[in-house]
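The structure appears right after this line, and notes come after that.
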Amino acid sequence: MTSTEAKRLAADPAVASVEQDQKVHSTATQSNAPWGLDRIDQTNLPLSGTYTYPDTGGNGATVYVLDTGVRITHQEISGRASYGYDFVDNDATAQDGAGHGTHVATTVAGTTYGVAKKAKIVAVRVLGNDGSGTTAGVIAGVDWITANHVANSVANVSLGGGASTTLDNAVRRSIASGVTYSIAAGNSGALASGYSPARVDTAITVGATTRTDARATYSNYGPVVDIFAPGSAITAGWNTSDSATYTGNGTSFAAPHVSGAAAVYLTSHPGASPAAVASALVNGATNNVLTGVGTGSPNKLLRLVP
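Numbered according to the working numbering, the sequence shown spans residues 987 to 1292.
Okay, here's the thing in structure tokens:
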């Protein structure tokens, strides 16, 4: 119905009112939820102990994890995770020898620890077993995502280094191709504008918070940060077995909360552009509940947007 038709109908004395139709969603509630999930489904503390989310959340979305690889058989993501490419060993088996990538992937999409419990994961390995890599390797991974991504895709980048225009441009091209990027702000307690690819303006750059709604002291900050998310004492899967877990700190573990939220949004809004996804998450964030966000940072805490 057009707006003109709606106005004409509303003017009919036999019609009580006319209202815009909208989507409704069935939801599920997880008990004994990890604190990070618990925090992003509510506005204020105290934590409720539960995580309420759309039960289709992540369905139809794919998250590319640019990291140390992923243990795709982990029980948190088994059946929904696959290998993309390994740019460390130059083969198609992007297995995780460090744990970091598995933690990230299960924070995005794990059945217990994940934000988007029905999203698919694709592992793109650009960091070795010691957790380090090269700018060239990361660029190769980004370019692979640009060339191979499917519809409704998100890339999680829980890594970073010094300023690199070449890396920044590769990420910008990937975003322009239709991939939403969630990037860790970095753990130097410094302005994020000095780090790549955190400083990419079209990406969603994510700082880390604690369970008391404070910016984590290690978290980078400043105007290039778009949003904060839980990043301290985050428990998720690990690479040592199919049931292993690990509790860690870092903007590396804040970014996948945002990636998961992006996947949830794309389930309800398929085809949304990276700019639209970023706008929805930033505008839907909880405002002014954080302390010590750092000079120039937005006081915005991730809130799940169905």
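Backbone N, C-alpha and C fix where the C-beta goes; we use that ideal spot for every residue, glycine too.
Asparagine 1274: not part of any alpha helix (DSSP H); DSSP gives it neither H nor E. Threonine 1221 has Thr1233 as its beta-bridge partners, per DSSP.
The beta-carbon separation of proline 1040 and proline 1292, rounded to 5 Å, stays under the 8 Å limit for a contact. Taking the Cβ atoms as the reference, threonine 1237 lies roughly 4 Å from alanine 1170, within the contact range of under 8 Å.
Assignment of beta-bridge partners to alanine 1141 by DSSP yields Tyr1050, Tyr1167. Beta-bridge analysis with DSSP links leucine 1287 to Phe1214, Thr1272.
The beta carbon of glutamine 1081 lies closer than 6 Å to those of Gly1055 in the same chain, with the five residues before and after it left out. Put simply, of Thr1042, Gly1146, Thr1015 the residue whose alpha carbon is nearest the alpha carbon of serine 1254 is Thr1042. Excluding five sequence positions before and after aspartate 1154, the CB atoms of its chain that fall closer than 6 Å to its own CB belong to Ser1182, Pro1183, Val1186, given in chain order.
In this structure, the beta-carbon distance from valine 1143 to leucine 1052 falls below 8 Å. Distances from the CA of tryptophan 1130 to each of Val1001, Ser1160, Gly1147 were compared; the closest alpha carbon is that of Ser1160.
Below 8 Å, enough C-beta pairs join the region 1089-1108 and the region 1056-1070 to call them touching: three or more. In the three-state reduction of the DSSP assignment, glycine 1148 falls in the strand class.
Note on aspartate 1024: 16 or more other CB atoms within 10 angstroms of its CB, so buried under the neighbour-count rule. Counted as a single uninterrupted DSSP element, the stretch harbouring threonine 1191 is not any alpha helix (DSSP H) but the beta strand (DSSP E) occupying residues 1190-1195. About 20 Å separates the Cβ atoms of valine 1244 and leucine 1177, ruling out a contact at the 8 Å cut-off. Nearest neighbour of glycine 1114 by Cα position, chosen from Gly1246, Ile1220, Thr1097, Asn1076, turns out to be Asn1076. Bounds of the alpha helix (DSSP H) holding isoleucine 1125 are 1121-1134. By the C-beta density criterion, proline 999 is exposed, having fewer than 16 other C-beta atoms within 10 angstroms. Here alanine 1014 is bridged, per DSSP, to Tyr1039. If you check the CB distance, histidine 1086 and glycine 1127 do not come in under 8 Å.
For arginine 1111, the enclosing beta strand (DSSP E) starts and ends at 1106-1111. When the Cα atoms are used, threonine 1233 and serine 1034 turn out to be separated by approximately 20 Å.
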